[in-house]
Amino acid sequence: MSHSAAPTPLTARPSGPLKGRVRVPGDKSISHRAMIFGLLSVGETQVEGLLEGEDVLATGRACAALGAKIQRHGEGSWTVSGVGVGSLLEPREPLDFGNAGTGSRLMMGVVAGHGISATFDGDASLRKRPMRRVLDPLVRMGAEVTVQAEGGRLPLTLRGTQDPLPISYETPVPSAQVKSAVLLAALNSPGRTTVIEREATRDHTEKMMAHFGADIEVTPSGEHGRRIVLGGRPELRASRIVVPADPSSAAFPLVAALIVPGSDVVIEGMMDNPLRTGLLTTLLEMGADIEVLDRRSEGGEDVVDLRVRGSELHGVDVPPERAPSMIDEYPVLAVAASFARGTTRMKGLAELRVKESDRLAAIADGLLVCGADAVISGDDLTVEGRTRVTGGGPVATHLDHRIAMSFLVMGLATEDPVTIDDANMIATSFPAFTGLMTGLGAKIGA
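Residue numbers for the sequence shown follow this note's numbering, so the first one is 66 and each next one is one higher.
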């Protein structure tokens, strides 16, 4: 979408029971990585089920600028002909990532490990997001930041190195993006690089590296962490990738079905990776009526079909160590908590302050606008559930797609409609959101 698109308000109205079967778009994290590993491998990588949201397409354009040949063959079906590790082209123009925080940070790792320079830029939201914690280990490996906005923000220019130093790096905060950037830079290193996580984060990069033929070993470290050791300069082999349905996108019809009385919805093919299912665990603890219909493997990831029915939820305490497995789902969990009996406490949410918006503040502000009770204490969010939530608006989305979709879900179960100030950014991760939800019976429109 255009960085200057005029705001488009959207309203969700109280709806009758939601019914039907849906499959949400392909997982965004895996879609980004499929493009990137297609670039870094030799040969033609086939990708099925790619999420065709603005974020992933921006990553695809960046890969093309670095030398990949990318073709679309039909909905979700793409091929990426790569140039291989060590053979990237220097881009002629700045790499514009729009709103794609994941794409920009992962691609910084790619550029850092090659002897090229690239300028990274994005929309107003992405320009506000901190990049220093990604850049710091890349500089240790030999890359150089030659231009940057205040605080290490975009736009910035990164000069990579053709011989990145192998390092041992312990991530200061749980972040799959930081870990992945270091590993991507290390692919072109002449030695072995070690990344240590105190809290395990989503492991799609490690799995995909192994799938493409990298020399990578993952072992437990401490009580909750992992130790990843990567051997540099492999010849990655082009592979076929089947992208499973995104659990972060599935969260919206899932929670909607729980809070709209009488609903009965089946969600097909959702990724069931244990490092991504913290929301599912939490909702089950809250008393959600969620039935597993079929658990299987697709494209190297476990997937599951879920039957979700309207439920009477109750409040729970969500421990901080669960945050890495559901970091993108807290906005919609807070919506579910608003309709639950009792108190829900979500702890250790510092990471939410540096997402597309300050999500912690945006969640609390939106809940208050809609007549729910929410209090922030440090990095914790407490929501007092109510049997009746009034609704309202306009809810400020702060150019954040997950805030936008979460409050549209809320409006399906409130007494009065809920209006968000701008729906444009939904296209970054879930272009078909409105159509999918209305197909289930949700009342969402202008």
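No residue lacks a Cβ here, since even glycine has one placed at the ideal position from N, Cα and C.
A distance of 8 Å or more separates the beta carbons of Ala399 and Leu378. Secondary-structure assignment with DSSP links His379 through a beta bridge to Arg406. Counting only the Cα atoms, Glu209 lies some 8 Å from Leu203. Residues of the same chain with a CB within less than 6 Å of the CB of Trp143, apart from the 5 flanking positions on each side, are Val112, Leu115 and Arg137 in chain order. Of Thr462, Lys272, Gly431 and Ala461, the smallest CA-CA separation from Val448 is found for Gly431. In the DSSP secondary-structure assignment, Val483 is bridged to Ala77 and Gly457. When DSSP reads this structure, Lys508 sits in a beta bridge with Arg78. Beta-bridge annotation (DSSP): Pro285 is paired with Arg291.
The alpha-carbon of Ala315 is positioned some 38 Å away from that of Arg157.
The shortest C-alpha to C-alpha distance from Tyr234 to any of Leu200, Lys508, Leu446 and Arg424 is the one to Leu200. Taking the Cα positions, Lys93 is about 32 Å away from Thr408. Between Ile306 and Pro318, the gap from beta carbon to beta carbon reaches 8 Å or more.
Residue pairing by DSSP leaves Asp120 without any beta bridge partner.
In the three-state reduction of the DSSP assignment, Ile324 falls in the helix class.
Around the C-beta of His463, 16 or more other C-beta atoms lie within 10 Å, and the residue is accordingly described as buried.
Arg372 carries a strand assignment under DSSP once its states are collapsed to helix, strand and coil. Judged by DSSP in its simplified three-state form, Lys93 adopts helix. Judged by beta-carbon spacing, Asp311 lies within the 8 Å limit of Val89, meaning their Cβ atoms are closer than that value. Spanning the alpha carbons of Leu153 and His179 requires a straight line of approximately 7 Å. Burial is judged here by how many other beta carbons sit within 10 angstroms of a residue's own beta carbon; Gly225 has at least 16 and is buried. Of all alpha-carbon atoms in Arg424, Ile324, Thr342 and Gln213, the one lying nearest the alpha-carbon of Ser376 is that of Ile324. Counting of Cβ neighbours within 10 angstroms places His269 among the buried residues, the total reaching 16 or more. In the DSSP assignment, Phe162 falls outside any beta strand (DSSP E) and carries neither an H nor an E. Beta-carbon to beta-carbon, Thr110 and Ala303 are separated by about 5 Å, close enough to satisfy the 8 Å threshold. By the beta-carbon neighbour count (other beta carbons within 10 angstroms, threshold 16), Arg267 is buried. DSSP places Gln242 within a helical segment (H, G or I) once states are collapsed to three.
In this structure, Met391 sits away from Val368, with a CB-CB distance that is not shorter than 8 Å. One alpha carbon belongs to Lys244, the other to Gly147, and they sit about 23 Å apart. The Cβ atoms of Ile355 and Leu340 do not sit closer than 8 Å to each other.
Here Leu358 carries a strand assignment [DSSP, helix/strand/coil]. The shortest CA-to-CA distance from Val419 to any of Gly510, Pro239, Phe495 and Arg387 is the one to Pro239.
Residues Cys128, Leu131, Gly132, Ala133, Val145, Gly147, Val148, Leu153 and Val175 of the same chain have their beta carbon placed closer than 8 Å to that of Leu104, with the five preceding and five following residues left out of the count. DSSP links Ser254 through a beta bridge to no other residue. Residue burial annotation: Gly476 is buried, with at least 16 other C-beta atoms found within 10 angstroms of its C-beta.
Burial of Ser494 is indicated by the presence of at least 16 other C-beta atoms within 10 angstroms of its C-beta.
A distance below 8 Å between beta-carbons, with the five flanking residues on each side excluded, links Ile491 to the following residues of its chain, in chain order: His466, Ala469, Met470, Phe498 and Thr499.
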